[in-house]
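Engineer: Attaching a single structure in structure tokens format; questions to follow.
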Amino acid sequence: MSYNLKLKKIFQICGIVFLSVALAACGNSQVGNGDGNKPAGGAKTRTVTDAVGHQVKVPAHPKRVIATYLEDHLVALGVKPVAQWSVSNGIQEYLQDDLLKGVPAISYDLPYEQVQKFKPDLILIDDASMVEGGKYEQYSKIAPTFVVSKKQNSDWRKELLTVGKVLNKEAKAKQVLADYEKTAKKAKAQLAKKENAPSAAAIWLVNNKFFIVSKNVSSGDVLYNDLGLKVPAVVNKISAKATSNWNAISLEKLTELDADYIFLINSDKTRATELDNALWKSIPAVKKHHVAEFSADTGWLYSGAIANREMIQDVLKTIK
Numbered sequence: 002m003s004y005n006l007k008l009k010k011i012f013q014i015c016g017i018v019f020l021s022v023a024l025a026a027c028g029n030s031q032v033g034n035g036d037g038n039k040p041a042g043g044a045k046t047r048t049v050t051d052a053v054g055h056q057v058k059v060p061a062h063p064k065r066v067i068a069t070y071l072e073d074h075l076v077a078l079g080v081k082p083v084a085q086w087s088v089s090n091g092i093q094e095y096l097q098d099d100l101l102k103g104v105p106a107i108s109y110d111l112p113y114e115q116v117q118k119f120k121p122d123l124i125l126i127d128d129a130s131m132v133e134g135g136k137y138e139q140y141s142k143i144a145p146t147f148v149v150s151k152k153q154n155s156d157w158r159k160e161l162l163t164v165g166k167v168l169n170k171e172a173k174a175k176q177v178l179a180d181y182e183k184t185a186k187k188a189k190a191q192l193a194k195k196e197n198a199p200s201a202a203a204i205w206l207v208n209n210k211f212f213i214v215s216k217n218v219s220s221g222d223v224l225y226n227d228l229g230l231k232v233p234a235v236v237n238k239i240s241a242k243a244t245s246n247w248n249a250i251s252l253e254k255l256t257e258l259d260a261d262y263i264f265l266i267n268s269d270k271t272r273a274t275e276l277d278n279a280l281w282k283s284i285p286a287v288k289k290h291h292v293a294e295f296s297a298d299t300g301w302l303y304s305g306a307i308a309n310r311e312m313i314q315d316v317l318k319t320i321k
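Going letter by letter, the sequence shown gives residues 2 to 321 in my numbering.
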């Protein structure tokens with residue numbers, strides 16, 4: 002299976018431009034705070050305002066939800082969707098031991114015919130770009146449709162709370178977030194006990210090209226903000242001009258990476274010829290054998306309470 006095809010939507014979320022694939026990221030989200038947010042008595046619907054201003058009548062207790070690429074939030078909230086995000090038969094493998102195991106796949110771009118087949122009673126749209134060109138009206142004919150994010154690069158915490166409100170699980174969403182913050186705070190304190198605060202970088206290898214994460218988004222947000230690891234100079238420099246979550250970086254530039262540890266997401270597996278390159282082997286962290294390697298099936302390419310917890314566990318296992 003082609004990695005370009007399998008990871009196409011991930012690239013879109015991350016915002017990388019690689020070959021002919023245009024990449025984008027998730028956006029911020031809001032729920033209207035009017036009287037319609039809570040059902041009155043035994044009301045069967047609630048009226049909520051989505052990120053782009055639609056007044057949407059949603060079921061008080063949705064039973065058949067489609068929320069492509071929002072599955073981390075759904076699983077964290079204990080909600081099993083009727084279909085899950087996929088691209089070229091690839092799915093979010095790190096969630097499959099939870100509520101998504103056995104759930105049928107649906108293409109990331111939500112073709113109308115596929116959506117209709119699953120007979121949803123609520124459709125959650127990841128960001129506004131997915132409903133441009135009259136698509137919102139088409140989805141709304143199938144089921145109540147709520148746009149979670151208005152713009153790209155959303156704060157996953159706000160997104161989780163928004164999804165919780167729409168699904169009538171606001172208290173659960175707040176608890177999930179509180180539990181995550183507790184886990185992150187404990188891990189940060191554990192890492193802070195090190196005599197010299199370690200620095201780290203997350204690198205993605207795909208089609209023998211390297212990408213490095215920006216410092217305030219995706220796994221960068223976890224490493225540097227949630228866990229308090231030092232930001233290498235190379236990451237700081239790239240992040241200052243970055244418009245994407247993951248940014249192309251040459252192997253030559255990587256030799257300047259002053260990171261104590263590297264977290265390598267290897268989408269190429271055994272085809273990763275660049276890892277045999279002498280330049281790669283000259284990188285300080287590589288020479289010290291301080292490289293923790295993970296596959297693209299893990300949570301490192303995603304964002305949310307579940308993915309981020311997985312990253313934190315990986316960091317603690319690596320930096321001892």
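Ideal Cβ placement from N, Cα and C applies to all residues, glycine included.
Should residue 174 and residue 162 be called a contact, given that it needs their Cβ atoms to be closer than 7 Å?
Structural biologist: Along the sequence shown, one-based indexing puts residue 174 at 173. Along the sequence shown, one-based indexing puts residue 162 at 161. Yes. Within cutoff.
Engineer: For residue 100, name the three-state secondary structure that DSSP assigns.
Structural biologist: The sequence position of residue 100 within the sequence shown is 99, counting from 1. Note: residue 100 maps to coil in three-state DSSP.
Engineer: Do the CB positions of residue 125 and residue 71 come within less than 7 Å of each other?
Structural biologist: Residue numbering aside, residue 125 sits at position 124 when the sequence shown is read from its first letter. Residue numbering aside, residue 71 sits at position 70 when the sequence shown is read from its first letter. Contact: yes.
Engineer: Please classify residue 30 as buried or exposed, where buried requires at least 16 other C-beta atoms within 10 Å of its C-beta.
Structural biologist: For the purposes of this step, residue 30 is taken as the residue at position 29 of the sequence shown. The predicted model places residue 30 with a pLDDT of 35, which falls under 50 and marks its position as unreliable; any figure quoted below should be read in that light. Buried: at least 16 other Cβ atoms inside 10 Å.
Engineer: Are there three or more Cβ pairs, one per stretch, closer than 8 Å when the stretch 264-273 is compared with the stretch 185-197?
Structural biologist: No, the stretch 264-273 is not in contact with the stretch 185-197.
Engineer: Given this structure, state the Cα-to-Cα distance separating residue 56 from residue 268, to the nearest angstrom.
Structural biologist: Numbered from 1 along the sequence shown, position 55 holds the residue referred to as residue 56. Numbered from 1 along the sequence shown, position 267 holds the residue referred to as residue 268. Spanning the two alpha carbons is a distance of roughly 41 Å.
Engineer: Could you pull the DSSP bridge partners for residue 50 from this structure?
Structural biologist: The count along the sequence shown starts at 1 and reaches residue 50 at position 49. According to DSSP, which records beta bridges pairwise, residue 50 is partnered with 56.
Engineer: Excluding five sequence neighbours on each side, which residues of the same chain lie with their C-beta closer than 8 Å to the C-beta of residue 215?
Structural biologist: Along the sequence shown, read from residue 1 onward, the residue named residue 215 stands at position 214. Cβ within range, chain order: 221, 236, 239, 240, 243, 245, 246, 247, 248.
Engineer: Of the choices 111, 110, 109, 82, whose alpha-carbon is the least far from that of residue 97?
Structural biologist: Taking the sequence shown and counting its residues from 1, the one referred to as residue 97 is at position 96. Here the closest residue by C-alpha is 82.
Engineer: With DSSP as the reference, label residue 182 as helix, strand or coil.
Structural biologist: Mapped onto the sequence shown, residue 182 falls at position 181. Residue 182 falls in the helix class under three-state DSSP.
Engineer: Quick check: what's the CA-CA separation for residue 201 versus residue 144?
Structural biologist: As a first step, residue 201 must be located in the sequence shown, where it is residue number 200. As a first step, residue 144 must be located in the sequence shown, where it is residue number 143. One C-alpha to the other measures close to 45 Å.
Engineer: Spell out the partners DSSP gives residue 267 in its beta bridges.
Structural biologist: Start at 1 with the first residue of the sequence shown, and residue 267 comes out as number 266. For residue 267, which the question treats as bridged, DSSP gives the partners 206, 296.
Engineer: State buried or exposed for residue 74, treating a residue as buried only when at least 16 other CB atoms are found within 10 Å of its CB.
Structural biologist: What you label residue 74 is simply residue 73 of the sequence shown in a count that begins at 1. Buried is the call here.
Engineer: I'd like the span of the alpha helix (DSSP H) that includes residue 76, first residue to last.
Structural biologist: Walking along the sequence shown from the start, residue 76 turns up at place 75. That run of the alpha helix (DSSP H) goes 72-77.
Engineer: Give the DSSP-derived three-state secondary structure of residue 305 in the structure shown.
Structural biologist: Along the sequence shown, one-based indexing puts residue 305 at 304. The answer is coil: DSSP assigns residue 305 none of H, G, I, E or B.
Engineer: With contact counted as at least three CB pairs below 8 Å, one residue from each stretch, are the stretch 125-134 and the stretch 145-157 in contact?
Structural biologist: A contact exists between the stretch 125-134 and the stretch 145-157.
Engineer: If you follow the alpha helix (DSSP H) that residue 141 is part of, which residue opens it and which one closes it?
Structural biologist: Counting from 1 along the sequence shown, the entry for residue 141 is found at position 140. That run of the alpha helix (DSSP H) goes 136-143.
Engineer: Thinking residue 308 and residue 95 are a contact (beta carbons under 8 Å), I'd like their distance in whole angstroms, please.
Structural biologist: Looking up residue 308 in the sequence shown gives position 307. Looking up residue 95 in the sequence shown gives position 94. That belief holds up - the Cβ atoms of residue 308 and residue 95 are roughly 7 Å apart, short of 8 Å.
Engineer: Identify whether residue 83 lies in helix, strand or coil by the three-state DSSP scheme.
Structural biologist: One-based indexing of the sequence shown puts residue 83 at position 82. Looking at residue 83 - three-state DSSP - the assignment turns out to be coil, as it is neither helix nor strand.
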